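Trainee: Going by the working numbering, the sequence shown opens with residue 405, and the numbers climb by one from there.
Glycine included, each C-beta is placed from N, C-alpha and C at the ideal position.
As the structure is a prediction and not an experimental result, all values here were calculated from the model.
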Amino acid sequence: RLLDVCSVDQAIGHDIACSSCKTIVTSSTGAKAAELNLQVVVNAFHSFSHDCCCQLQNHPLYLNGLGLEDLETCECIFASSNSAAVLIRHASYFHWMQLLDLHFDQWDMDRYFDLGTFLYNNYVQALQIIETNMPVLEEFKQLHNLADVDCISWCNEEHDYLSKVATEPTSDAIAVAYVEQLEKLQYVEFVFALCLFT
Numbered sequence: 405r406l407l408d409v410c411s412v413d414q415a416i417g418h419d420i421a422c423s424s425c426k427t428i429v430t431s432s433t434g435a436k437a438a439e440l441n442l443q444v445v446v447n448a449f450h451s452f453s454h455d456c457c458c459q460l461q462n463h464p465l466y467l468n469g470l471g472l473e474d475l476e477t478c479e480c481i482f483a484s485s486n487s488a489a490v491l492i493r494h495a496s497y498f499h500w501m502q503l504l505d506l507h508f509d510q511w512d513m514d515r516y517f518d519l520g521t522f523l524y525n526n527y528v529q530a531l532q533i534i535e536t537n538m539p540v541l542e543e544f545k546q547l548h549n550l551a552d553v554d555c556i557s558w559c560n561e562e563h564d565y566l567s568k569v570a571t572e573p574t575s576d577a578i579a580v581a582y583v584e585q586l587e588k589l590q591y592v593e594f595v596f597a598l599c600l601f602t
């Protein structure tokens, strides 16, 4: 239904986007999601707990079209509902539902009234970032003879490198195991020497 309503080029922020992507691709809606260019993206805060390869593919910082959005709106909404917990902790089920409904109705109204200011402030912030950072970025690119494509290629190169070193080479694993055994031997010899002299 989401694909039908929102149509083309939509992004969904999800704590486990990397897993969700695999599920969507293999599901009955996989072909439609690919056709409509659906992106499932890791929320900015949660993505740092994922591995680097996941971040390079799914973090809003590295994806076009997300702007300043951190995709943490649901986290903010649920965090705000914690203030209602004191009121509903010992309430009956009816009053529990009633107070949560009131809380979220008020949240919706407050956000609706603030929406224009929110959009305006984000727009101004984006313009300030562009005005402040673009000259610095252009100067850096000229100084180092770089193009926009280089920045994209760096992410791709980092992802390729991390994919290749995801597993430890056998020679390194053997060397580490050898050193660990030497440390154990040294400890046992030390304990044995103490036992001899006491």
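1) Which two residues bound the contiguous beta strand (DSSP E) that contains A415?
2) Going straight from the alpha carbon of I428 to that of N462, what length do you get?
3) Rounded to whole angstroms, how far is the Cβ of L440 from the Cβ of V409, which I believe are closer than 8 Å?
4) Would you mind reading off the limits of the alpha helix (DSSP H) that contains V580?
5) Can you give the beta carbon distance from V445 to L470, rounded, assuming they're within the 8 Å contact cut?
6) For G417, count neighbouring C-beta atoms within 10 Å of its own C-beta (all shown protein chains included) and say buried if the count is 16 or more, exposed if not.
7) Between L465 and A488, how many whole angstroms is the CB-CB distance? I'm expecting something under 8 Å.
8) Which same chain residues end up closer than 7 Å to V592 when comparing Cβ atoms and leaving out the 5 residues on each side of it in sequence?
9) Consider the Cβ of F522: report whether some Cβ of chain C lies at a distance smaller than 9 Å.
10) So V445 is in the beta strand (DSSP E); what residue range does that whole segment cover?
11) Beta-carbon separation of H507 and S485 under 9 Å?
Mentor: Per the coordinate set shown:
1) Looking up residue 415 in the sequence shown gives position 11. A415 -> beta strand (DSSP E) spans A415 to H418.
2) The residue you call residue 428 lines up with position 24 of the sequence shown. The residue you call residue 462 lines up with position 58 of the sequence shown. Taking the straight line joining both Cα atoms gives about 15 Å.
3) Here residue 440 is taken as the residue at index 36 of the sequence shown, counted from 1. Here residue 409 is taken as the residue at index 5 of the sequence shown, counted from 1. The beta-carbon separation of L440 and V409, rounded to 11 Å, does not stay under the 8 Å limit for a contact.
4) Counted from its first residue, the sequence shown places residue 580 at position 176. Residues T574 to F601.
5) For the purposes of this step, residue 445 is identified with residue 41 of the sequence shown, where counting begins at 1. For the purposes of this step, residue 470 is identified with residue 66 of the sequence shown, where counting begins at 1. Contact between V445 and L470 is confirmed by a C-beta separation of about 7 Å, below the 8 Å threshold.
6) Locating residue 417 in the sequence shown gives position 13, counting from the first residue. By the neighbour-count rule (16 or more Cβ atoms within 10 Å), G417 is buried.
7) The sequence position of residue 465 within the sequence shown is 61, counting from 1. The sequence position of residue 488 within the sequence shown is 84, counting from 1. Not confirmed; about 33 Å, so no contact.
8) Along the sequence shown, read from residue 1 onward, the residue named residue 592 stands at position 188. If we look at V592 and ignore the five residues flanking it on each side, it has no Cβ neighbours.
9) The structure shown contains no chain C; it is built from a single protein chain.
10) If you number the sequence shown from 1, residue 445 lands on position 41. Residues Q443 to V446.
11) In the sequence shown, counting from the first residue as 1, residue 507 sits at position 103. In the sequence shown, counting from the first residue as 1, residue 485 sits at position 81. Against a cut-off of 9 Å, the Cβ pair of S485 and H507 comes out as a contact.
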